[in-house]
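Chains as they are written, first to last, in our numbering: chain A, 773 to 1550; chain B, 72 to 174.
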């Protein structure tokens, strides 16, 4: 771009954009929090719903230990670590630890569909995932699909192994003793233990046994193989295999099972050795070599996938050179909601990569015609090994738990990130169907925190009620901004968030001074505030609202209920680091169409430009661009999209500065405040969530049986909702199927509440989808 | 505006199932709460709230209002589990605090 158009003295924004202000441009978020811990070591930092308090000193020390573990694992500057878990204290410690080790974090909501989670982790080449006990199982199921993912950490498990805390050997033995003692042959073999669509009958069981026997023999080259069976149960498979084996060892933790297996094998004409032990003890209790090690319908009863992996690693040494491990009857997470251990086929296929000694692993789907019901959906697998000389001991990285974290010292690492390093990536909806990851540096985040904390005098006596998802960028200020000020974060639990009355209790009974949310989240609570007798509403002093239109009456309702609350409207874009403008809401004229957008914050500049990127005349509507320290680095792994939305700033203060094309329409008001006038495109806000209608439409078109689709966001009382229209290919397609398919692709807030089937989409004269006609169909 | 419960419109509930019985009166209160939140009355007593343009924000208005009516706290979950006028009426009728209104 050549010489930029002059900013004439008559154009007020040249004045209102004089926002330059010194801030500490060379410090990082961990620096700010370490200083807070120095200044206020004993003040609360994190307060949970069960009134547990973590002080600033404790937060700092705990995060240091985890940061050291991450660094020991080779995670540091340039790496990305995902947070996949509950909004709880360990997660906050985890976020700080990630930043301390120099890496950036990306929040991933565990409620998102697995497919989306895998896609996002893959897109960012995530090196490690921080998760928790509750979400470990989902992460174990999908981690194998993410090639870059080396480490999974679960700090809230104190024991060394993920399974050892909940593993109760006595209960397992009792249970399988009980099962194997059942008079009913099927039940004794472990069938019909839980209600399925149709109970298994004798035919099913016979088919199953014959299939497993044939499969095991097909997998080995030995004519009379030596066989080790783990989880032999009542001896169903023993009877089929033992007569044809050169040696047969039946292992089970249940003495009753082992006895029955031996009896069954003897009746069938085979010789069976029995060993009573758990799968992880087999390598120590049994001598190899074996041609076949068989786990038939056993894996689903193991404690978890990490356990399975360590068992497999320990069994490799028991195999003959051309021996195989056969895993029969595995349950695919994509096909079943079975509560026990499910094994994704990817896990099997990737085994050679992370289990040294495994030379090949194959997945064998079953013929649907051979099996009825549930068993048809299960699958079998064969694992082969390299010749024994090339079989090193299992070198796989274990799951890292609180045990490993506690082994690290609590002193800070000597080095951390720099201000230019990436602090976080937060995903927003993308119009083409793929979410966009917005990449933000420490410097931009520090500028934001400096500005908010100074403008609103946030300090060590402040406590914020943290009600937002980590995946919303408001959380960046809520956590790091308030902690940097020496204040504290009161985590609202999921249960507290579900019931507005409980949130009112917290606001009235605890020492909460700051509320920060999208307007919709507070508007959910206000009806409950208003119908209750006030009881302690003087503490709340600052209400920050952003992310969506603020209902014009809302500020007055808030101030009527909470007399000391100052209401602030904030705005900006995720691409410009949470917020970059603010408006202290004073007297509200009920006739206003909206609460004004306000003025740019420190070191941010707002331009209203015409199509030629020239400043619009004062008061005229134009496109809103944001420039300054707040501008993000861009979109992760999307140089094209980044170049299209982040343009060179013609009025830059330094060379290389860019301005972000928000897609918002805006104009300057006589007061010097900006007024927001809507969007250029199909981006909408639904209860504070930023959604591209194109992403929802693209998901609809991925649903099997959908030929055409369109999505609208009608405005109604209390805001907008999503409504979708679809045209089935040929067969009528029930709405419930479409909803089900959407739920496997999109987060729940993006799934339209209303879905309508049409024969054809209505078109306008110009051949475009007629949205007005669609809206009238609702 | 939180809610119009108690307004003139509700004081004379006479359509859509108010047969003069206590249950009918409660149903009329529920309908009035829905109508105030949705700002229309074009729904049947068996319509799903979400299918007629409802969403969680409006549920908060309705449940805060109905709770205040009976002097009790109502869980939002109660609404999510009973998202039609008839179902919500029945669920509330089973609620202790609504006993005097429903019987």
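Where a beta carbon is used, it is the ideal one built from N, C-alpha and C, also for glycine. Note that the coordinates shown come from a computational prediction; the quantities given were computed from them, not determined experimentally.
For the beta strand (DSSP E) that residue i lies in, which residues bound it at each end?
{"i": "residue 1208 of chain A", "result": "1208-1213"}
{"i": "residue 1287 of chain A", "result": "1286-1289"}
{"i": "residue 1353 of chain A", "result": "1353-1356"}
{"i": "residue 1001 of chain A", "result": "998-1002"}
{"i": "residue 1522 of chain A", "result": "From DSSP, residue 1522 of chain A is part of no beta strand (DSSP E); its letter is neither H nor E."}
{"i": "residue 1500 of chain A", "result": "1495-1500"}
{"i": "residue 1464 of chain A", "result": "1461-1464"}
{"i": "residue 1457 of chain A", "result": "1455-1458"}
{"i": "residue 1318 of chain A", "result": "1314-1318"}
{"i": "residue 1343 of chain A", "result": "1338-1343"}
At a Cβ threshold of 9 Å, is residue i touching chain B?
{"i": "residue 1360 of chain A", "result": "no"}
{"i": "residue 800 of chain A", "result": "no"}
{"i": "residue 1268 of chain A", "result": "no"}
{"i": "residue 1185 of chain A", "result": "no"}
{"i": "residue 1518 of chain A", "result": "no"}
{"i": "residue 1550 of chain A", "result": "yes"}
{"i": "residue 1273 of chain A", "result": "yes"}
{"i": "residue 773 of chain A", "result": "Any reading at residue 773 of chain A must be qualified, since the residue scores a pLDDT of 40, below 50, and its modelled position is unreliable; the value itself is stated next. No, residue 773 of chain A does not count as interfacial toward chain B."}
{"i": "residue 1240 of chain A", "result": "no"}
{"i": "residue 1459 of chain A", "result": "yes"}
{"i": "residue 765 of chain A", "result": "An answer regarding residue 765 of chain A cannot be provided, because it is not within the stretch 773 to 1550 covered by chain A."}
{"i": "residue 1535 of chain A", "result": "no"}
{"i": "residue 1168 of chain A", "result": "With a pLDDT of only 49 at residue 1168 of chain A, under 50, the local geometry of the prediction cannot be trusted, and the value read off the model is given with reservation. Not one chain B Cβ lies under 9 Å of residue 1168 of chain A."}
{"i": "residue 1165 of chain A", "result": "Low confidence applies here, because residue 1165 of chain A scores a pLDDT of 47, under 50, leaving its location unreliable and the question unanswered by this model."}
Name the chain B residues whose beta carbon is nearer than 7 Å to that of residue i?
{"i": "residue 1244 of chain A", "result": "In chain order: nothing, as chain B lies at least about 16 Å away."}
At 9 Å on the CB atoms, spell out the chain B contacts of residue i, in chain order.
{"i": "residue 1523 of chain A", "result": "Correct list: empty, because the minimum Cβ distance to chain B is about 11 Å."}
{"i": "residue 1331 of chain A", "result": "Near residue 1331 of chain A there are no residues of chain B at all, since even the closest Cβ is about 16 Å away, more than 9 Å."}
Run through chain A and tell me which residues come within less than 7 Å of residue i, C-beta to C-beta.
{"i": "residue 212 of chain B", "result": "This structure leaves residue 212 of chain B out entirely; chain B is present only between 72 and 174."}
For chain A, check one thing: does any of its Cβ atoms lie closer than 9 Å to the Cβ of residue i?
{"i": "residue 147 of chain B", "result": "yes"}
{"i": "residue 135 of chain B", "result": "yes"}
{"i": "residue 144 of chain B", "result": "yes"}
List the residues of chain A that residue i touches, going by C-beta distances under 9 Å, in chain order.
{"i": "residue 138 of chain B", "result": "1273, 1300 and 1303"}
Give the range of the alpha helix (DSSP H) segment to which residue i is assigned.
{"i": "residue 1174 of chain A", "result": "1174-1178"}
{"i": "residue 1390 of chain A", "result": "Taken as a continuous stretch (DSSP letters only), residue 1390 of chain A belongs to no alpha helix (DSSP H), as it is neither H nor E."}
{"i": "residue 1373 of chain A", "result": "Careful: residue 1373 of chain A lies outside any alpha helix (DSSP H) and carries neither H nor E."}
{"i": "residue 1274 of chain A", "result": "1272-1281"}
{"i": "residue 1110 of chain A", "result": "Unbroken run through residue 1110 of chain A: none, as it is neither H nor E."}
{"i": "residue 980 of chain A", "result": "974-991"}
Would the C-beta of residue i count as close to the ligand ZN, meaning under 8 Å from any of its heavy atoms?
{"i": "residue 1481 of chain A", "result": "No copy of the ligand ZN occurs in the structure displayed, which carries no ligand at all."}
Is the Cβ of residue i closer than 9 Å to any Cβ of chain E?
{"i": "residue 998 of chain A", "result": "Protein chains A and B are contained in the structure displayed, whereas chain E is not."}
**Request:** Could you list the residues in the stretch 111-132 of chain B with a C-beta less than 7 Å from some C-beta on chain A, going in chain order?
**Result:** Considering only beta carbons, the part of the stretch 111-132 of chain B lying closer than 7 Å to chain A consists of 121, 122, 124, 126, 127, 128, 129, 131 and 132, in chain order.
**Message:** Under 8 Å: do the stretch 1132-1145 of chain A and the stretch 893-900 of chain A share three or more Cβ pairs, one atom per stretch?
**Reply:** In short, these stretches do not touch, since the Cβ pair count stays below three.
**Message:** Under 8 Å, with one C-beta from each stretch per pair, do the stretch 1213-1222 of chain A and the stretch 1263-1281 of chain A reach the 3-pair mark?
**Reply:** Here the stretch 1213-1222 of chain A does not lie against the stretch 1263-1281 of chain A, with fewer than 3 beta-carbon pairs under 8 Å apart.
**Members of the stretch 1289-1308 of chain A near chain B, C-beta cut-off 7 Å** = For the stretch 1289-1308 of chain A, which is checked against every Cβ of chain B, the residues closer than 7 Å are 1292, 1295, 1296, 1299, 1300, 1302 and 1303.
**Message:** Please identify, using Cβ separations under 8 Å, the residues of the stretch 1482-1506 of chain A that lie next to chain B, in order along the chain.
**Reply:** Residues of the stretch 1482-1506 of chain A with a C-beta atom less than 8 Å from some C-beta of chain B are 1486, 1488, 1489, 1490, 1491 and 1493, listed in chain order.
**Message:** Quick test of the definition: if touching needs 3 or more C-beta pairs under 8 Å, does the stretch 865-876 of chain A touch the stretch 838-846 of chain A?
**Reply:** When Cβ pairs closer than 8 Å are counted between the two stretches, the stretch 865-876 of chain A is seen to touch the stretch 838-846 of chain A, the count reaching three or more.
**Request:** Evaluate contact between the stretch 1001-1015 of chain A and the stretch 1060-1077 of chain A, counting only Cβ atoms and requiring at least three cross-stretch pairs below 8 Å.
**Result:** Yes: the two stretches touch, three or more of their Cβ pairs being nearer than 8 Å.
**Message:** Using a Cβ distance threshold of 8 Å, determine whether the stretch 1452-1468 of chain A contacts the stretch 1498-1505 of chain A, with at least three qualifying pairs required.
**Reply:** No: the two stretches stay apart, fewer than three of their Cβ pairs being nearer than 8 Å.
**Prompt:** Counting pairs of beta carbons, one from the stretch 1252-1260 of chain A and one from the stretch 1396-1411 of chain A, are three or more of them closer than 8 Å?
**Reply:** Contact fails: fewer than three Cβ-Cβ distances are below 8 Å.
**Prompt:** Are three or more beta carbon pairs between the stretch 93-112 of chain B and the stretch 144-161 of chain B nearer than 8 Å?
**Reply:** Segments in contact, yes.
**Message:** Under 8 Å: do the stretch 1298-1311 of chain A and the stretch 1333-1349 of chain A share three or more Cβ pairs, one atom per stretch?
**Reply:** Taking a contact to require three or more Cβ pairs closer than 8 Å, the stretch 1298-1311 of chain A and the stretch 1333-1349 of chain A qualify as touching.
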